[in-house]
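Student: Structure incoming, see below.
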Amino acid sequence: MEHALIPPAEIAILGIPGMVLALLIPVVGIAAFGYIIARRLIPLAKGASDPRFDRFPTRIKQVLLYWLAQYKQPRYRLAGILHIVIFIGFLILAIRSTSLVIIGFSPDFVFPGLDGTAGTVYGVLKDYAATAVFIACIVAGVRRGFFKPQRYSVPAKYGTEHTWEAIFVLGLIGGLMVFEGLFEATAVAAQAQQGAAAELIAPLSLAWFFSVLLGQAPVAALQGLHTTAYFLHDAIFFFFLCYLPFGKHFHVISSIFNVVFSKLDRGRIKPVQWGVSDEELDNLESFGVRYVEDFTWKHMLDFYTCVDCGRCSDNCPANTVGRPLSPRFISIKARDEMFDRFPVLGEIKPREPLIDRVFEQDAIWSCTTCGACEEECPVMNEYIDKIVDLRRAMVEAGQVPQSLQKPLGALEKRGNPYGKTEKKRQEWTQSLPEEIQVRVAGSKDQPATLYFPDSATSFDERLQDIARSSATILHYCGEDFGILGKAERDSGHEVRRFGEEMLFQTLRDANTQAIDKSGAERVVTSDPHAFNALTKDYSEVPPAQHMSQYILDKIQSGVIKLKPMQEEASVVTYHDPCYMGRHNLLYDTPRQVLDAIPGLTRVEMERSRDRSFCCGGGGLMLYYEPPEEEERMGQKRARMIGETGADLVVSCCPFCLTNLEDGIKTSGYEGQIRIMDLTELVARHLDWDARQA
Amino acid sequence: MSRQIFAYIEHTDGAVEDSAFELIKVAEGIDSQAQVTALLFGSGQELEDACQHAASIYPQVWKVDKQEHSYPNAELIRPQLVNLVPSDAVVLTPFDTFGMDLTPGLAIKLDSAHVSDIVGLDGVDGDTLKAVRQEHGGQVHTHVHCDISGGAVLSVRGGVFPAAEAGQEGAVTDKTADAGEAQAGRTFKEIREAEVGEVDITKEDILVSIGRGIEEEDNVEIAQELAEAMGGVVSCSRPVVDAKWMEKSRQVGTSGMTVKPKIYLAMGISGSFQHMGGVKGNPFIVAVNKNANAPIFQVAHVGVVEDMLEFAPVLTEKIQEMK
Amino acid sequence: MNILVCVKRVPDPAENEIEINSDGSDIEREDLVYSVNEWDNYAVEEAIQIRDQHGGSVTVVSVGEEESEEILRREMAMGADQGILVSDDAFEGADGRGIATILKAVAENGDYDLILTGAQSDEGAAQIGGMLAAMLNQPYASLVNEIQVQGGTKLEVGREIEGGNQEVSEIELPCVLSIQSGINEPRYVGIRGIRKVSGVEIPEKEASDLGLSEDQVGEKAARVKRVDYFHPEMGEGAEILEGGTEEVAEKLVELLKSKGGMK
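First to last, the sequence lines map onto chains A, B and C. Numbers 17 to 709, taken from the working numbering, label the letters of the first sequence in order. Numbers 193 to 515, taken from the working numbering, label the letters of the second sequence in order. Numbers 218 to 480, taken from the working numbering, label the letters of the third sequence in order.
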């Protein structure tokens, strides 16, 4: 084939034949890359097991949706668009990049299938792709360097700013686009000067602009530029490849694996160790994560893949209110720990505990397990399981904050965090009207349905209203229901998530036995945490439903008839509890219940559904005292409610009710905004006259 | 038969502590005929003045004047007491941080019976002293019988027994020589004073005091609102400080601050003596507690049997309404 | 340093409502949960911290019934190296002096540099530590809220005294200290920790093992006996305000103004 300029393969650079150089660079580059990756895999080989090879069809769908379609990216619009452009650009340019490498030592190489029209079409496509990437890099660079969005900032205690690294990489990518464009543009300019048939350059693309600029340049200059551009592109390409595993751009390679092996089950907590049954737990040497190699290989892969984008921390309610938790830095610091202890060059360093060195204790205790971070992460990183694992190790070492020790002790002794006697668990039934009898299930009385209020709803005076409302609704529906009464124990949902696995198992086993004895065929609860526990943490119990699901069923089947809106409220808004929404995807059910009340005007908060803002947490989290906090999460959320102009907010979780009620009082909305549980609202709207007995 | 009864007297700045006025009443309750001897350890003019003060209450005062006693060290005082006091005597002391340090060991060295924290006396029946104590943080009272045939060391809770009037003209005897020399394995170094926070509860007239009944740190706000409405400040009992919900400078009690307010509103406080021991000056005491058996109701003037978390906001509202 | 910590199993003050039984002979024990006496727990934590810093061992001992073994195990799960249960029917009815005599025998059986007790327990007598020290002829400090080890021969200790102040002294080893709450932040003991030590042997000592007889320490030797439990007549107690919450609050506001001088 005729070349307007001498191809790089046939030119000598400082005496070395271009072909040799063009072979050497990739060979060295790939070898180095291979070595680096091998070294990077060492800690993963030491990591705990993590079964991620099941449900392959689902996993493929995850890759198509989250990796290929970049589904989560647009949640931050500008950054999302920029990234999608660069990502798609990379995919399109993959072929061109490969071709370029080979052209270096085989100048006539054409990528299989891309001769003729296909090649021309691809050529135009890749020109526009490169241009788009180039523009995106500039915009991104200016945005990072000049506008400095808040979520990228690095608080002093976590180290120094990462801005220069980001701009450097954008520079590298931009450079690749420029040199690829120049390589092509110089050839085309030379072709045009020589009167030969010019290759098609997409009009108005970067390469096109270069070709226009260089149109009249002397051949020698064109030649020099052509060769230089090639080898610079080659060198940058392989430098970049080897640079990737040293920072946040590792995700360029690892993200597809991260997504294919991502966690498929919402709301579940990993066992102490995969493959170790509950009975075998006593044999384990240690629980949880003390050293970085105690993490599972997938969690380690998460650390490598973290993009340092800060979207997680930006949405973390604990972070927002000033607690010392930043999920982003859990990943980055763990990654840095891995880089440090398992270096590419040098010896593996001996292990040291993570707590009090890499992670602050209070940072780990601050997490409410709301799942906003996991929902947001574009590369599907997990956080909750890691926090639980870190907590497990701290519990084992006795490093539990004093404020939590008391409720944990009470849970152990009395089966509830309040320390109240078991008998008082059913006191809430005493102030129900006479017609509503709440039976206590047992060997002599086996109702079909068990209502499981859990501890907060049973003992807290305000929350007992939820139990009474639920009982009223069940009674209205003619349900054959009962409660466990003093045989009920705390579901243990937060106990498990706070790392006290064995106490959780004690509670779970006691409840499982009691539920079994009750003879119930199904369980309903008004507490999403209990609901989550019964459906995800417990295995030998009958199917469970949240009251909102039960109510919707009965509305749709015509059993529940509702009166028109009775409350003195002009606008109603709904707050998604974390354990209804993000963890169980029950976004619509409660909304449909609300919409079934005639005359109820409902608005959405800006942060709703999967972007709902955690109220502050439930169970043991109510007792935790963070060392610093600018305000309570409940207060922040109350102000978000205020912004909708709603005067009534409805939720369906006892903890949301508690936290938001407090938040409303302390952020100055007392008297302006009321809060009710869904069961309370529905109970007040039951049309007793229309009821079919 | 007249017993020998001794009362250990604590003193500061040349005056005896309140306990001195109470111990003599306790002695009377044990044996109205007994000649009670006050025991004072100290040094120099301060001791001299204190002894004079003691002599206005007790018929007999023994003093032990040594430089080493300028700050009372129970480890030094105990062996010297053993030298002075006959082993079958009854020795009364206050139940405070010094008393706790002194009396158990003293009882052993004197081979006497030991009863601490006495809150009531039902007299002596032959060799059996009948006393009243409390257990389980003051939730229950007990009757206790003590065999005092071989002597007894009894520590008495402050502020429970009535105070005697001064009016004696007792004799002061210097017993320094008889006390003898003592070696102690413990040497006093210094006092480190507690830091005063921004609020000085010892100077406030109205105190809203909270205890375990507050349940969580968040609820402290409820008390603060009430205190504000009343024109006072929030103080607390020990558990609240142990839980780090309030600073130590807010703690009322024998190991906390001594307060002399006009109104003391005790909410969710059981009323243990260690706490009430910090409340002086006979304020108007109101108790709010959901446990009708809480000891606080014995010392309060007015009581409300309700959950303080429910009652406090209602009270705050009423105060604001009725201003 | 070899440290002996005396611990007692008591009804948990936070999780029980103490009631008196029908004839006043005891408190109602049916529904009670028990745990290690809070002050003793602080003492064990302190002992563990001293051992971790300066070496040695921590032994926990309890005089009680078989059930006391569970709290010894819990303190061992916390970090104590060994436990001793002292149990014998002969000890029934022992008063404070009796208990201290028993503990003295335990202490003399071992070689301890430091003995710790809690400042007080459910009976509120605050006497065991002081008695034990006198019996062993060792120096004593009560209500200790800070310990600094100074070489192998003495300690600097802070005592919590009135006004929230701290009295600092130097005390020679071996000695006995009673520990005040708040001296440290006791570590958490989880169920797993307790299960880990469930198989460890805890030797049980009886009266004969310690060279003690019933006459020395049991009921017969006791000079102080609790006769009954009771609730005193309210008598001069508070005037309880009656009525609904709002009504009571209003009455109280009136009283605060008239009797308390609130404006």
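Glycine residues also receive a C-beta, built at the ideal position from the N, C-alpha and C atoms. All values reported here derive from a predicted model rather than from experimental measurement.
What residue from Ile217/A, Arg159/A, Tyr174/A has the CA that sits closest to Tyr144/A's CA?
Tutor: Ile217/A
Student: In chain order, what residues of the region 379-402 of chain C put their CB closer than 7 Å to some CB of chain B?
Tutor: Glu379, Gly380, Gly381, Asn382, Gln383, Glu384, Val385, Ser386, Glu387, Ile388, Glu389, Cys392, Ser398, Gly399
Student: By the 8 Å beta-carbon criterion, what residues does the region 415-431 of chain A contribute toward chain C?
Tutor: Gln415, Val416, Gln418, Leu420, Gln421, Lys422, Leu424, Gly425, Ala426, Glu428, Lys429, Arg430
Student: With 16 as the cutoff for other CB atoms within 10 Å, does Val277/C come out buried or exposed?
Tutor: Classified as buried, Val277/C has 16 or more neighbouring CB atoms from the shown chains inside 10 Å of its CB.
Student: Considering only residues of the same chain and omitting the five flanking positions on each side of Ala503/A, which have a CB-CB separation below 6 Å?
Tutor: Ala530
Student: Output, in chain order, the set of chain B residues within a Cβ distance shorter than 8 Å of Val465/C.
Tutor: Val496, Glu498, Phe503
Student: Measuring alpha carbon to alpha carbon, tell me which residue in Gly329/B, Gly330/B, Val332/B, Ala305/B is nearest Lys322/B.
Tutor: Ala305/B
Student: In this structure, does DSSP put Met581/A in helix, strand or coil?
Tutor: coil
Student: Measure how close the beta-carbons of Leu302/C and Ser279/C come, nearest whole angstrom, since I'm counting them as under 8 Å.
Tutor: Sure, about 6 Å apart at Cβ, within 8 Å.
Student: Could you work out which residues of chain A lie near Ala435/B, taking near to mean beta carbons separated by less than 8 Å?
Tutor: Gln418, Ser419
Student: Evaluate Pro296/B with the Cβ neighbour count: other Cβ atoms within 10 Å of its Cβ, from every protein chain shown; 16 or more gives buried, anything less gives exposed.
Tutor: buried
Student: So, with DSSP's three-state summary, where would you put Ala342/C?
Tutor: coil
Student: Taking one C-beta from the region 451-461 of chain A and one from the region 486-495 of chain A each time, how about it: are there three or more such pairs within less than 8 Å?
Tutor: yes
Student: Determine, for Val411/A, whether the minimum Cβ-Cβ distance to residues of chain C falls below 8 Å.
Tutor: yes
Student: Less than 8 Å between the beta carbons of Arg384/B and Gln367/C, yes or no?
Tutor: no
Student: Determine the contact status of Ile27/A and Thr179/A, defining contact as a CB-CB distance below 8 Å.
Tutor: no
Student: Considering only their Cβ atoms, is the gap separating Met396/A from Asn713/A smaller than 8 Å?
Tutor: Residue 713/A is absent from the structure shown; chain A starts at 17 and stops at 709.
Student: Which residue comes first and which comes last in the beta strand (DSSP E) that contains Arg325/B?
Tutor: 320-327
Student: Ends of the alpha helix (DSSP H) at His45/A?
Tutor: Sequence check: residue 45/A is Gly here, not His. That run of the alpha helix (DSSP H) goes 34-62.
Student: Near Glu260/B, which residues of its chain fall below 7 Å by C-beta distance, leaving aside the five closest residues on each side in sequence?
Tutor: Leu268
Student: Relative to the C-alpha of Ser172/A, which candidate in Val276/A, Phe671/A, Pro340/A, Gly535/A has its C-alpha closest?
Tutor: Note on identity: in this sequence residue 172/A is Ala, with Ser being the wrong assignment. Taking each of Val276/A, Phe671/A, Pro340/A, Gly535/A in turn and checking the Cα distance to Ala172/A, the smallest one comes out for Pro340/A.
Student: Using a Cβ cut-off of 9 Å, which residues of the region 389-410 of chain B contact any Cβ in chain A, in chain order?
Tutor: Glu407, Glu408, Glu409, Asp410
Student: Count the other CB atoms, across all protein chains shown, that sit within 10 Å of the CB of Ile310/B; report buried if there are 16 or more and exposed otherwise.
Tutor: Buried: at least 16 other Cβ atoms inside 10 Å.
Student: Quick check on Ala350/C - is its C-beta less than 8 Å from some C-beta in chain B?
Tutor: So yes, Ala350/C belongs to the interface.
Student: By Cβ distance, which residues of its chain are closer than 6 Å to Phe127/A, with the 5 residues on each side in sequence left out?
Tutor: Ile111, Ser115
Student: Whose C-beta lies closer than 8 Å to the C-beta of Ile252/A among residues of the same chain, with five residues either side of it excluded?
Tutor: Leu188, Gly191, Leu192, Phe195
Student: If the criterion is Cβ atoms closer than 8 Å, does the pair Ala374/B and Pro356/C meet it?
Tutor: no
Student: Using DSSP with H/G/I as helix, E/B as strand and the rest coil, what is Val276/A?
Tutor: Helix, per DSSP.
Student: Which residues bound the alpha helix (DSSP H) around Leu289/C?
Tutor: Where Leu289/C is concerned, the enclosing alpha helix (DSSP H) stretches over 285-295.
Student: DSSP puts Ser474/A in a beta bridge; with which residues?
Tutor: Note: Ser474/A sits in no beta bridge, so no partner.
Student: Going residue by residue through the region 582-657 of chain A, where are the continuous beta strand (DSSP E) segments of at least 3 residues, counting only ones entirely within it?
Tutor: Qualifying beta strand (DSSP E) stretches, in chain order: 588-590.
Student: Gly304/A: which of Pro287/A, Ser459/A, Tyr320/A sits nearest, CA to CA?
Tutor: Pro287/A
Student: From the DSSP secondary-structure annotation, give me the bridge partner or partners of Ala207/B.
Tutor: Thr204/B
Student: Considering only residues of the region 308-338 of chain C, which uninterrupted beta strand (DSSP E) runs meet the minimum length of 3 residues and lie entirely inside it, listed in chain order?
Tutor: 331-335
Student: So is Tyr639/A in contact with chain B if we call contact Cβ pairs under 8 Å?
Tutor: yes
Student: Against chain B, with Cβ distances strictly below 8 Å, would Asp744/A count as a contact?
Tutor: This structure cannot speak to residue 744/A, because chain A is shown only from 17 to 709.
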